[in-house]
Structures are given as C-alpha cells and as structure tokens.
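I have placed the structure first, in the form of structure tokens, so that the comments after it can refer back to it.
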Amino acid sequence: MGYYERIQASIDYMEEHLTEELSIAEIAAKSLFSPFHYQRLFQAISGFSVQSYIRHRRLSEAAVLLKETEARVLEIAVAFQYGSQEAFSRAFAAQFGITPAKYRKEQASVKLQKRMNFVDYRIQGRDVLTMQKPHIIQLEQTLIVGHEYLTSLRENQHYREIPGFYQDFGQNAYFMRIEDKAAPDMSYGIACRFQDNGDFSFIVGEAVTQLPEEPGEGLMCFVLPGGKYAEFSSSSQPDGVQNIRDYIYGTWLPNSNYERRPGPDFEVTDVRNSVYPDKILMKIYIPIE
848 MGYYERIQAS IDYMEEHLTE ELSIAEIAAK SLFSPFHYQR LFQAISGFSV QSYIRHRRLS
908 EAAVLLKETE ARVLEIAVAF QYGSQEAFSR AFAAQFGITP AKYRKEQASV KLQKRMNFVD
968 YRIQGRDVLT MQKPHIIQLE QTLIVGHEYL TSLRENQHYR EIPGFYQDFG QNAYFMRIED
1028 KAAPDMSYGI ACRFQDNGDF SFIVGEAVTQ LPEEPGEGLM CFVLPGGKYA EFSSSSQPDG
1088 VQNIRDYIYG TWLPNSNYER RPGPDFEVTD VRNSVYPDKI LMKIYIPIE
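Each position in the sequence shown, counted from 1, maps to that position plus 847 in this note's numbering.
Structure (structure tokens):
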C-alpha cells in the first residue's frame, strides 16, 4: 500500500469516528506512519493540519444536521465533541461566519468541508513531480555544536518561527563561541527530537572537527547521523524554502520509491554566498532508505 492509500486509510478511520474522541496516535496508526511523520505528510499534501481537518469536518457534518434534523443545538454540539453550546457556536461562527441558530433559521448556504480523497492528491502530485529531482547521496556523520530551539508543526508554526531562530543565533553571537569549526560560513539547521503532538527541536549551529567537553553557555552538542539522504537545493527567499519542504513531503516522497528512515532532517546554508533576504543558498537533506 502506497503513501496516499495509507493516509486514506486514516481518513476513513477519522470519518467513521467523527463523533468520538480522536487522538493523533490512533489516527496515525491506521496509516502505519509515526504520529509526527504522519502529521508532516498530511499537512504537506493537503495544506492544512490533521486537527483542522477534523474540526472542519465535524462542523460541516453539524451544519448538515442543523438543516436536515430538528435536533437541539446542544445535542449536536455534544455529539461532535464540544463541551458546551457556547464553544460549539463560537467554532461554528469562526468557520462559517454565521451562528448555528441563525444558520438554521435562515437556511443559509455555507461552504462545507467535504471528505478528502487522497487519491486525487496523488494524481495532482504526478503532474508536478518534475519540479526538482534530488541527488541521492551517502553522508558520514557530522559533529555539530549549536543552540536548541523549540517549535511545532501545528498550524505551520515552524515555518513562521525558524527564520527567527537563525536571526537569534546571529544576534546572540552563538556562532562566535563555537571552536574547531569544520566548515566556516556554513550554517546548519537541524529538525530533530520529534514528539507525537507535533512539537520538535530545531538546532541552529555549525559543524566541528571534535565535540567539546563543555560547549559553552547556550550551546549544546549533537551528532548528525550518517547514511543515505535525498539532497535538494534552494536559492530563494524563506517562503521558497517552505515551498520546497512542502514539495518534498507532499509530492516527491509519496511518489518516490523511498521511505523516510528515522533520524533528523537538516539544512545547510551557504552564509558567505547568500544574499539576504532575496537569495538564500541552501541544501536540504532528508534521510531515506
């Protein structure tokens, strides 16, 4: 079973249990992906988070019941996992721009979130698969000294925050405290320590020839594992890097003959030859097997 079919199995499970409490772990289990990797794939392919999809689908099904049945608003709210009528009404109004009571009374028309079919995304992905072909390379392990930041996949929080991590790394002169540099002017950004809820660490640092016993205030050591990687190149603004990452997980990987193996993603920026913020020269590495 391919990527799209595996994610579709999780969609089918969600749809069958919209009126029940759902956890990312049990949903991801239906796809045979880890919870973190599942959320990353789902978001890159569909454009929105698993939580958003569940919320939109529940509210859409609730809207159908408001029109087609005489069930009380509170009954519908509770059925779709809302703790109160007020919480349901706020969520309904936020999505559709109208309260449940007014929607029912006026028989208003709103745009409902339909059940997704990931087979459609597979067909779309094949049309743009020629966007960029990566180099498949073998890397040795790399020793890193850097500063650790915390972020999350939720609502694309990481895309908003990561540029600021690099800025903070420079403003606080963390790079000045790193000794025995192996590749001066090359900045590493490492996504690692993935959590089931979508949280993860992002380490900004540099490669070194040897790890120090005491890395210094605000710094930590990390060993970037060797192995097989897909290497993608980017020479664009930060939003271009986001597009490439979405392409990698939303299009290239699901249509490739590779699986993502355990381990961190990382990116290497050519600081000396980049022109900020218009042209950031970067290579992105995804562990594969």
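All C-beta atoms, glycine included, are put in the ideal place defined by N, C-alpha and C.
If you're wondering where the values come from, they're calculated on a predicted model, not measured in any experiment.
Near residue i, what residues of its chain come up, given a Cβ to Cβ distance below 6 Å and the 5 sequence neighbours on each side ignored?
{"i": "alanine 891", "result": "Asp1093, Tyr1096, Gly1097"}
{"i": "methionine 1033", "result": "Val1115"}
{"i": "proline 981", "result": "Ala1077, Glu1078, Phe1079"}
{"i": "valine 1118", "result": "Asp1032, Ser1034"}
{"i": "phenylalanine 965", "result": "Tyr851, Ile854, Gln855"}
{"i": "glycine 930", "result": "none"}
{"i": "phenylalanine 943", "result": "Val957"}
{"i": "serine 936", "result": "Thr946, Pro947"}
{"i": "valine 920", "result": "Gln932, Pro947"}
Leaving out five residues before and five after residue i in sequence, what residues of the same chain have Cβ atoms less than 8 Å from its Cβ?
{"i": "alanine 934", "result": "Ala924"}
{"i": "glutamate 862", "result": "Arg904, Arg962"}
{"i": "valine 1088", "result": "Ser1081, Glu1114, Ile1127, Met1129, Ile1131"}
{"i": "cysteine 1068", "result": "Leu990, Ile991, Val992, Leu1058, Pro1059, Pro1062"}
{"i": "glutamine 979", "result": "Phe1079, Ser1080, Ile1091, Tyr1094, Trp1099"}
{"i": "proline 1124", "result": "Gln1084, Pro1085"}
{"i": "glutamine 1004", "result": "Thr998"}
What does residue i pair with, by DSSP beta-bridge criteria?
{"i": "histidine 982", "result": "Glu1078"}
{"i": "aspartate 1046", "result": "Ser999"}
{"i": "alanine 1038", "result": "Phe1049, Asp1112"}
{"i": "methionine 1067", "result": "Gly993"}
{"i": "arginine 1107", "result": "Ile1135"}
{"i": "methionine 1023", "result": "Beta-bridge pairing links methionine 1023 to no other residue."}
{"i": "methionine 861", "result": "Paired residues: none, contrary to the question."}
{"i": "methionine 848", "result": "The partner list for methionine 848 (beta bridge, DSSP) is empty, contrary to what the question assumes."}
{"i": "methionine 1033", "result": "Asp1117"}
When you compare only the Cα positions, how much space is there between residue i and residue j?
{"i": "arginine 1107", "j": "leucine 1066", "result": "29 Å"}
{"i": "phenylalanine 1049", "j": "tyrosine 996", "result": "5 Å"}
{"i": "glycine 1017", "j": "glycine 1036", "result": "13 Å"}
{"i": "isoleucine 1131", "j": "glutamine 928", "result": "40 Å"}
{"i": "threonine 998", "j": "aspartate 1027", "result": "28 Å"}
{"i": "arginine 973", "j": "phenylalanine 1047", "result": "Any answer about arginine 973 is weak, because its pLDDT of 48 lies below 50 and its placement is not dependable; what the coordinates show is given next. When rounded, the distance between both Cα atoms is 30 Å."}
{"i": "threonine 866", "j": "valine 1055", "result": "52 Å"}
{"i": "leucine 912", "j": "leucine 990", "result": "57 Å"}
{"i": "isoleucine 945", "j": "glutamine 960", "result": "16 Å"}
{"i": "leucine 986", "j": "leucine 869", "result": "39 Å"}
{"i": "alanine 1038", "j": "proline 947", "result": "42 Å"}
{"i": "alanine 1030", "j": "tyrosine 1105", "result": "30 Å"}
{"i": "glycine 849", "j": "isoleucine 983", "result": "21 Å"}
{"i": "glycine 1110", "j": "proline 1072", "result": "7 Å"}
{"i": "glycine 1052", "j": "valine 1070", "result": "12 Å"}
{"i": "alanine 837", "j": "histidine 994", "result": "Nothing can be reported for residue 837: it is not among the residues displayed for the chain, which extend from 848 to 1136."}
{"i": "alanine 918", "j": "serine 881", "result": "38 Å"}
{"i": "threonine 916", "j": "aspartate 1015", "result": "55 Å"}
{"i": "glutamate 922", "j": "glutamine 932", "result": "8 Å"}
{"i": "histidine 804", "j": "arginine 1007", "result": "The structure shown does not extend to residue 804, since the chain is modelled only from 848 to 1136, so the question has no answer here."}
{"i": "aspartate 1086", "j": "phenylalanine 1012", "result": "15 Å"}
{"i": "aspartate 967", "j": "tyrosine 1021", "result": "46 Å"}
{"i": "glutamine 886", "j": "serine 899", "result": "11 Å"}
{"i": "isoleucine 1009", "j": "lysine 952", "result": "46 Å"}
{"i": "glutamine 954", "j": "alanine 926", "result": "21 Å"}
{"i": "leucine 906", "j": "serine 893", "result": "18 Å"}
{"i": "glutamate 908", "j": "aspartate 1112", "result": "38 Å"}
Mapping DSSP to helix, strand and coil, what is residue i?
{"i": "phenylalanine 1113", "result": "strand"}
{"i": "arginine 902", "result": "helix"}
{"i": "serine 1083", "result": "strand"}
{"i": "lysine 1126", "result": "strand"}
{"i": "lysine 1028", "result": "strand"}
{"i": "valine 1055", "result": "strand"}
{"i": "glycine 930", "result": "coil"}
{"i": "glycine 1073", "result": "coil"}
{"i": "asparagine 1090", "result": "helix"}
{"i": "lysine 961", "result": "coil"}
{"i": "threonine 916", "result": "coil"}
{"i": "lysine 952", "result": "helix"}
{"i": "glutamate 873", "result": "helix"}
{"i": "isoleucine 945", "result": "coil"}
{"i": "glycine 1017", "result": "helix"}
Excluding the 5 residues flanking residue i on each side, which residues of the same chain have their C-beta closer than 7 Å to its C-beta?
{"i": "glycine 1063", "result": "Arg1024"}
{"i": "arginine 1001", "result": "Ser896, Gly1045"}
So is the beta-carbon of residue i under 7 Å away from any non-hydrogen atom of the ligand FAD?
{"i": "glutamate 922", "result": "Within the structure as shown, the ligand FAD is missing, as the structure has no ligands at all."}
Should residue i and residue j be called a contact, given that it needs their Cβ atoms to be closer than 8 Å?
{"i": "glycine 1045", "j": "proline 1134", "result": "no"}
{"i": "isoleucine 854", "j": "serine 878", "result": "yes"}
{"i": "alanine 875", "j": "serine 857", "result": "yes"}
{"i": "phenylalanine 883", "j": "aspartate 1043", "result": "yes"}
{"i": "alanine 910", "j": "tyrosine 860", "result": "no"}
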